[in-house]
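Taken in order, the sequence shown gives residues -21 to -1, 1 to 271; the numbers are from mature numbering (1 follows the signal peptide of the UniProt record, and there is no 0).
Structure first, commentary second.
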Amino acid sequence: MKYLRTLTICSALGFAASCWASGAPETPKIVRFPSGDLTLGGELFLPEGEGPFPVVLFNHGSAPKMVNSMASAAIAPNFIEKGWAFFMPYRRGQGLSEDQGTYIMEEISDAKWFLFESAEEKLVELHKKDHLNDQMAALEWLRTQPFVDNTRIATVGNSFGGIQVMLGMGRADYCAGVNASGAAQSWADSQELRELLRSAATVARAPVFFFQAENDYDLSPSRELFSVMEQAGKKAKIQIYPKFGSSKNDGHSLPYRGVAVWFDDAIQFLDEHCEGGKLNKSMQSTANASAD
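Given below as structure tokens:
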């Protein structure tokens, strides 16, 4: 039943191949963690073994309710196969945290129609305050878990989640980040968002891999933020993949519908820049064994 239910989800979105590249994924463990006065939920996938494991903290996009669980079902198994744990916390108002706040797109719409605020200003405010706070709360929870290698926590995110990747990279000591199509639909309309993300890129504490499909809504975010990081002396990589599907929406769906296209590049990037923690742990184990 679990196999059929997940296969139905994957097939409905057209990415069954990536879902089952490494066999049927395990049902995620549902966890709860505090974010200020809120109690948020998340999906946790663990590889075989006792750990501690390197971990991907995955920042989801703007899809409502539990839609983002379809993305985690497609993406998580690929990381699990490579020995990475995968944690997707739901920010307030979405998915397992739907009852902990208003859905972000509703807040943006309400600001425009009822509060006479700029939708773009509201988007920026929510991302850099409430939603970034939720990401940091999820990271803080992760760091307390015994299965986590705290030196090897990376952040990955698509669309709105890509925005969160950049903001998180400026706030926390991730070992690396992957920004998939971040701000592709909102970049052109919001100068404040552009300035916020450029500032985040300037102070990013670890390398970032940017990728999009050629037919995504707007390639400017990846190209400009990559350039900003290079000019600031930061390590970064960019990959624009060939068209995925036929429409802009198809291109924007590459992160979760076309995992097979980008995953090898992403995991190579993470392994390269997060390897230090693994080496340090190996050296420590060797030293302890010698001392014994």
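Virtual Cβ for every residue (Gly too), placed ideally from N, Cα, C.
Own chain partners of residue i with C-beta closer than 6 angstroms, once the 5 adjacent residues on each side are dropped
i	result
residue 140	38, 39 and 40
residue 230	192, 194, 195 and 223
residue 249	133 and 155
residue 143	38, 114 and 136
residue 201	189, 191 and 217
residue 10	21 and 23
residue 80	71 and 72
Beta-carbon proximity of residue i to residue j, cut-off 7 angstroms
i	j	result
residue 162	residue 181	no
residue 233	residue 167	no
residue 59	residue 7	no
residue 207	residue 57	no
residue 127	residue 175	no
residue 82	residue 31	no
residue 146	residue 172	no
residue 152	residue 184	yes
residue 24	residue 55	yes
residue 17	residue 71	yes
Where the beta strand (DSSP E) through residue i begins and ends
i	result
residue 128	127 to 137
residue 223	Run containing residue 223: none; DSSP gives neither H nor E here.
residue 192	187 to 192
residue 10	8 to 14
residue 67	64 to 68
residue 159	156 to 159
Residue i classed as buried or exposed, judged by whether at least 16 other C-beta atoms fall within 10 angstroms
i	result
residue 134	buried
residue 114	buried
residue 228	exposed
residue 108	exposed
residue 125	exposed
residue 14	buried
residue 241	buried
residue 120	buried
residue 48	buried
residue 92	exposed
residue 122	exposed
residue 265	Low per-residue confidence applies at residue 265: pLDDT is 35, beneath 50, and the placement is therefore not dependable, though the value from the model is reported in the following sentence. Its Cβ having fewer than 16 others within 10 Å, residue 265 is exposed.
residue 247	exposed
residue 160	buried
Where the alpha helix (DSSP H) through residue i begins and ends
i	result
residue 170	170 to 181
residue 202	199 to 210
residue 29	No alpha helix (DSSP H) contains residue 29, which DSSP labels as neither H nor E.
residue 245	238 to 270
residue 46	Note, residue 46: premise wrong, no alpha helix (DSSP H); not H, not E.
residue 90	83 to 92
residue 98	98 to 105
residue 117	111 to 122
Proximal residues to residue i (C-beta, below 8 angstroms), its chain only, five neighbours per side dropped
i	result
residue 199	166 and 167
residue 245	135, 157, 188 and 190
residue 117	12, 14, 19, 21, 36, 66 and 68
residue 221	192 and 193
residue 105	83, 86 and 87
residue 164	138, 196, 197 and 231
residue 177	203, 204 and 207
Spatial neighbours of residue i in its chain, beta-carbon cut-off 7 angstroms, leaving aside the 5 residues before and after
i	result
residue 29	none
residue 169	99, 102 and 103
residue 45	74
residue 77	44
residue 205	189, 215 and 217
residue 129	122
Nearest-angstrom beta carbon gap, residue j and residue i [assumed within contact, 8 angstroms]
i	j	result
residue 33	residue 253	6 angstroms
Test: residue i CB closer than 7 angstroms to a CB of chain C
i	result
residue 105	The structure shown has no chain C; it contains just one protein chain.
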